Amino acid sequence: RRREIRSLMPVIKSLQGRLSQKRSLLVIPAHLNETDIEELYGDISGFEVIRDTHEAVLEAEYAFVCSGTATLETALIGTPLSLIYIANKWEYKIAKMVMKLPFVGLANLLYYFDGKEAMHPEFLQEDVTVGNLLKAYEEDDRSAYFKKSLELRKMLGGNCSSRVAEILAN
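Under the working numbering, think of the first position of the sequence shown as -19, with each following residue one higher.
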């Protein structure tokens, strides 16, 4: 999803500059070579590149995640996160008209269908700003989030994928 990367990287780089005292992990898919990385991401010298998503999420104190399934994986692991997503403006408008859901992230949708408040913040389109992301990071209650993660695991039981499908189907 090259357009997503190109849209989000300027914000991520600015945010990383504001969190410079922190270790900044950047997950890059294993199939991308150095030329692809330079073209898509630009200068990533301030980041530690990790090719394994689960390893990065386990090591991270907080994650800024741009994919629906990745948000669910991150939530199940227990790493606090903010979902960030910038789509083509016309695709986004059409999706908003068709989809009448209050959330994009799977963990938030599961919580919503279970009658609970959102598990993590979501920032879409013009709301993906350094200020919003920094505020979410700074205001996160990590112990409360971890409890929500445990609730999510319990909600899904042992067979997560079939349980997610069942909840969303209902």
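C-beta atoms are modelled at their ideal positions from N, C-alpha and C, and glycine is treated no differently.
Being a predicted model, the structure only gives us computed values, none of them experimental.
Cβ-based neighbour list, residue i, same chain, cut-off 7 Å, excluding 5 preceding and 5 following
i	result
Ser129	Ala55, Leu56, Gly58
Ser(-6)	Val110
Phe126	Gly58
Phe83	Leu89, Tyr92, Ala98, Glu102
Arg133	Leu56
Asp120	Tyr42, Pro60
Ile(-8)	Phe44
Gln(-4)	Ser4, Gly26, Phe27
6 Å Cβ shell around residue i - same chain, five flanking residues per side excluded
i	result
Ala36	Leu5, Val7, Ile30
Arg122	Pro60
Asn112	Phe103
Val108	Val(-9), Ile64, Ile66
Reference residue i; option with closest CA among the options
i	options	result
Ala10	His34, Pro(-10), Gly(-3)	His34
Cys46	Glu18, Leu61, Leu38	Leu61
Arg(-19)	Glu53, Gly(-3), Asn68, Leu38	Asn68
Glu41	Lys2, Arg(-2), Pro(-10), Lys96	Lys2
Leu(-1)	Ala116, Ile74, Val78	Ala116
Gly95	Ile74, Lys76, Met135	Met135
His100	Leu63, Arg(-17), Glu53	Leu63
Ile17	Glu106, Ile(-15), Trp70	Ile(-15)
Gly48	Trp70, Gln(-4), Leu104	Leu104
Arg(-17)	Phe44, Glu53, Asp32, Glu71	Glu71
Residue i classed as buried or exposed, judged by whether at least 16 other C-beta atoms fall within 10 angstroms
i	result
Thr51	buried
Leu38	exposed
Met79	exposed
Glu14	exposed
Glu118	exposed
Glu106	exposed
8 Å Cβ shell around residue i - same chain, five flanking residues per side excluded
i	result
Leu12	Leu20
Leu81	Leu89, Tyr92
Met(-11)	Leu20, Tyr21, Gly22
Whole-number beta carbon distance between residue j and residue i, since they are thought to touch under 8 Å
i	j	result
Ser(-13)	Ile74	Contact flag wrong, Cβ pair sits at about 17 Å.
Checklist entry - Any chance the stretch 79 to 90 sits against the stretch 23 to 39, with 3 or more Cβ pairs inside 8 Å? => result In short, these stretches do not touch, since the Cβ pair count stays below three.
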